[in-house]
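**Q**
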Amino acid sequence: MTYLSSSSTKTSALTGTSLSSLFDDLFGTVTGTESANTLEAKSFFFSKVDGLGGNDTIRGGGLLDVLIGGAGVDTVAYDNVHCAVTVDLAKTGWQFTGGGLLDKLSGFENIIGSKYNDTLYGTSGDNRINGGAGKDKMIGRDGNDYYSVDNVGDKVIELANEGTADIVLASVDYILPENVERLAMFGTAIRGTGNAADNLIRGNALDNIITGGGGFDQVYGDLGADTFVFNYANGTDITKVHDFVSGVDTAALKGSIFGLSAGALDADYIVFTSTGAVAPDGTNTLSTTSSHGQFIFDRYHSLWWDADGSGSGKAVLVGNFGATTLDIDDFVVI
Numbered sequence: 132m133t134y135l136s137s138s139s140t141k142t143s144a145l146t147g148t149s150l151s152s153l154f155d156d157l158f159g160t161v162t163g164t165e166s167a168n169t170l171e172a173k174s175f176f177f178s179k180v181d182g183l184g185g186n187d188t189i190r191g192g193g194l195l196d197v198l199i200g201g202a203g204v205d206t207v208a209y210d211n212v213h214c215a216v217t218v219d220l221a222k223t224g225w226q227f228t229g230g231g232l233l234d235k236l237s238g239f240e241n242i243i244g245s246k247y248n249d250t251l252y253g254t255s256g257d258n259r260i261n262g263g264a265g266k267d268k269m270i271g272r273d274g275n276d277y278y279s280v281d282n283v284g285d286k287v288i289e290l291a292n293e294g295t296a297d298i299v300l301a302s303v304d305y306i307l308p309e310n311v312e313r314l315a316m317f318g319t320a321i322r323g324t325g326n327a328a329d330n331l332i333r334g335n336a337l338d339n340i341i342t343g344g345g346g347f348d349q350v351y352g353d354l355g356a357d358t359f360v361f362n363y364a365n366g367t368d369i370t371k372v373h374d375f376v377s378g379v380d381t382a383a384l385k386g387s388i389f390g391l392s393a394g395a396l397d398a399d400y401i402v403f404t405s406t407g408a409v410a411p412d413g414t415n416t417l418s419t420t421s422s423h424g425q426f427i428f429d430r431y432h433s434l435w436w437d438a439d440g441s442g443s444g445k446a447v448l449v450g451n452f453g454a455t456t457l458d459i460d461d462f463v464v465i
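Yeah, the sequence shown ends on 465 if you go by our numbering, and it's all consecutive.
#1: In this structure, what does DSSP give as the bridge partners for Phe428?
#2: Identify which residue in Glu165, Arg190 and Thr169 has its Cα closest to the Cα of Phe177.
#3: In or out: Leu290 buried (at least 16 other Cβ within 10 Å) or exposed?
#4: Return the first residue and the last residue of the beta strand (DSSP E) that Gly323 is part of.
#5: When you compare only the Cα positions, how much space is there between Ala364 and Ser387?
#6: Just tell me which of Tyr247, Thr319 and Ile298 has its CA closest to the CA of Gly284.
#7: Among the candidates Asp348, Tyr351 and Asp234, whose CA atom is the shortest distance from the CA of Val218?
#8: Just to confirm before moving on: does the CB-CB distance between Phe347 and Ala383 stay below 8 Å?
#9: Is the region 312-322 in contact with the region 336-350, if contact means three or more CB pairs nearer than 8 Å?
#10: Is Trp435 buried or exposed, if buried means 16 or more other CB atoms sit within 10 Å of its CB?
#11: Tell whether a beta-carbon distance below 8 Å holds between Val463 and Ala395.
#12: Which residue marks the beginning of the beta strand (DSSP E) containing Ser279, and which one marks its end?
#13: I'd like the list of long-range same chain contacts for Leu195, defined as Cβ closer than 6 Å, with 5 residues on each side in sequence excluded.
#14: Starting from Gly450, trace the beta strand (DSSP E) both ways and give me its first and last residue.
#15: Tell me Lys179's beta-bridge partners as DSSP assigns them.
#16: In three-state DSSP terms, what is Ile465?
#17: Grab me the residues of Asn186's own chain with a C-beta within less than 6 Å of its C-beta, minus the 5 sequence neighbours each way, in chain order.
#18: With C-beta atoms as the reference, is Asn261 less than 8 Å away from Gly238?
#19: Would you mind sorting Val379 into buried or exposed? The rule is 16 or more other CB atoms within 10 Å of its CB.
#20: Rounded to a whole number of angstroms, what is the C-alpha to C-alpha distance between Val287 and Ser433?
#21: What are the start and end residues of the beta strand (DSSP E) that includes Phe389?
#22: Give the range of the beta strand (DSSP E) segment to which Ser237 is assigned.
#23: Can you tell me whether Asp460 is helix, strand or coil according to DSSP?
#24: What number of angstroms, rounded off, separates the C-alpha of Gly256 from the C-alpha of Thr367?
#25: Helix, strand or coil: how does DSSP classify Ala398 here?
#26: Run the CB neighbour count on Gly323, radius 10 Å, all protein chains shown included, and call it buried at 16 or more, exposed below.
#27: Take Cys214 as the anchor and find which of Asp181, Gly201 and Asp267 has the nearest alpha-carbon.
#28: Please state if the CB of Gly253 and the CB of Asp276 are separated by a distance shorter than 8 Å.
#29: Can the beta-carbon of Ile453 be found closer than 8 Å to that of Phe375?
#30: Since Ala301 is in the beta strand (DSSP E), which residue starts that stretch and which ends it?
#31: Apart from the five residues just before and just after Phe389, which ones in its own chain have a Cβ nearer than 7 Å to its Cβ?
#32: What does the Cβ neighbour count give for Thr406, buried or exposed, with the cut at 16 atoms within 10 Å?
#33: For Leu337, which residues of its own chain have a beta-carbon under 7 Å away from its beta-carbon, when the five flanking residues on both sides are left out?
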């Protein structure tokens with residue numbers, strides 16, 4: 132249900148058509164219901180908007196606004212203002228939000244910014260922060276926060292121990308910043324890259340290029356012919372691809388890490404076995420005779436790198452492909 136101040140409950144002791152109209156232009160009170168509402172105040176000078184119950188979306192409109200989310204999961208939106216805003220959902224008193232606007236907020240979990248370069252702060256709980264257009268700075272604080280990123284200039288800031296499942300939903304190519312655990316790509320986003328932590332990364336319907344980064348990363352390409360980049364050979368920074376499609380997707384091996392030249396992977400540099408497996412500690416019991424490094428794709432669909440081939444050194448785990456069996460044409464060196 133949508134309410135504007137011109138058709139909503141107003142608090143006024145004045146009577147008479149002209150005086151009432153003038154009062155509504157300057158002052159207004161909008162009150163929602165116990166259901167979900169979209170509320171917007173149009174009074175020029177002062178507005179009070181109270182969402183009551185339900186999951187409400189509330190927009191101010193005056194120079195001075197008191198905006199109350201009430202019960203439910205509520206969103207305060209500044210997509211109707213004509214300036215950049217700085218808004219802190221955790222601040223209980225009056226705050227200058229930008230462009231001469233002075234707001235007092237309470238009871239909001241989520242925020243939508245303007246089309247300009249905003250700075251938006253969350254609370255100690257779980258927040259959804261959408262900066263809108265522009266190069267926005269978004270700071271979620273504690274809780275598991277959800278950020279919408281649609282500009283390469285957007286900046287997401289999370290400190291250590293502020294949540295365990297923060298997620299960025301990106302419509303542009305994006306590299307996860309520190310302390311953000313998850314990345315989901317949509318729209319025209321092509322490249323998604325993780326950070327040093329354990330990440331969950333999901334692509335979209337396009338041909339994505341996904342790089343897990345450090346940590347134990349779990350990735351999904353979803354639709355499209357996706358490329359998954361493997362650029363670690365230390366046994367601790369590992370990427371698991373859950374939905375690799377042989378003959379469609381590509382496993383890209385970083386040549387500078389494995390000492391290989393860019394191009395197709397030479398068959399002499401990989402061993403496929405449907406019955407054998409490398410021991411969990413990296414001991415290679417398979418029959419390999421090469422004196423140079425080799426990849427091993429074992430019966431558990433795990434990809435290992437044995438830097439000295441038939442030598443005494445142990446192999447290190449590079450990645451895993453779930454239940455999918457790969458062949459040499461699925462690999463490329465970059």
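Positions of the beta carbon are idealized from the N, C-alpha and C atoms, including for glycine.
**A** Let me lay it out:
#1: Paired residue(s): Phe403 and Leu434.
#2: The shortest C-alpha separation from Phe177 is found at Arg190.
#3: Exposed, because fewer than 16 other Cβ atoms sit within 10 Å of the Cβ of Leu290.
#4: Note, Gly323: beta strand (DSSP E), Arg322 to Thr324.
#5: As the crow flies, the alpha-carbon of Ala364 is around 11 Å from that of Ser387.
#6: Among Tyr247, Thr319 and Ile298, the Cα nearest to that of Gly284 belongs to Tyr247.
#7: Ranking Asp348, Tyr351 and Asp234 by Cα distance to Val218 puts Asp234 first.
#8: No; because the gap between Cβ atoms is not below 8 Å, this pair is not in contact.
#9: At 8 Å Cβ cutoff, the stretches touch.
#10: Buried.
#11: Yes, they are a contact pair.
#12: Counting along the chain, the beta strand (DSSP E) containing Ser279 begins and ends at Tyr277 to Val280.
#13: Here Leu195 has Phe177 and Leu233 as same chain residues with Cβ atoms under 6 Å from its own Cβ, once five neighbours each way along the sequence are excluded.
#14: Its beta strand (DSSP E) spans residues Val447 to Asn451.
#15: DSSP, once it has assigned bridges, lists Thr160 and Val197 as partnering Lys179.
#16: Residue state, collapsed to three classes: coil.
#17: Ala167, Gly203 and Val204.
#18: Not a contact, by the Cβ cut-off of 8 Å.
#19: Per the 10 Å Cβ criterion, exposed.
#20: Rounded to the nearest angstrom, the two C-alpha atoms are 34 Å apart.
#21: Secondary structure note for Phe389: it is in no beta strand (DSSP E), and the uninterrupted alpha helix (DSSP H) holding it is Gly386 to Phe389.
#22: Start and end: Leu232 to Ser237.
#23: For Asp460, the secondary structure class from DSSP, reduced to helix, strand or coil, is helix.
#24: Across the structure, Gly256 and Thr367 are spaced so that their CA atoms are roughly 32 Å apart.
#25: Helix.
#26: Gly323 is buried by the Cβ-count criterion.
#27: The candidate whose alpha carbon is nearest that of Cys214 is Asp267.
#28: Yes.
#29: Contrary to the premise, residue 453 reads as Gly rather than Ile in this sequence. In this structure, Phe375 lies closer than 8 Å to Gly453 by Cβ.
#30: Unbroken beta strand (DSSP E) run through Ala301: Ile298 to Ala301.
#31: Cβ neighbours of Phe389 beyond the five flanking positions: Ala364, Gly424 and Trp436.
#32: Burial call: exposed.
#33: Once the five neighbours on either side are set aside, the close Cβ partners of Leu337 are Ile321 and Gly355.
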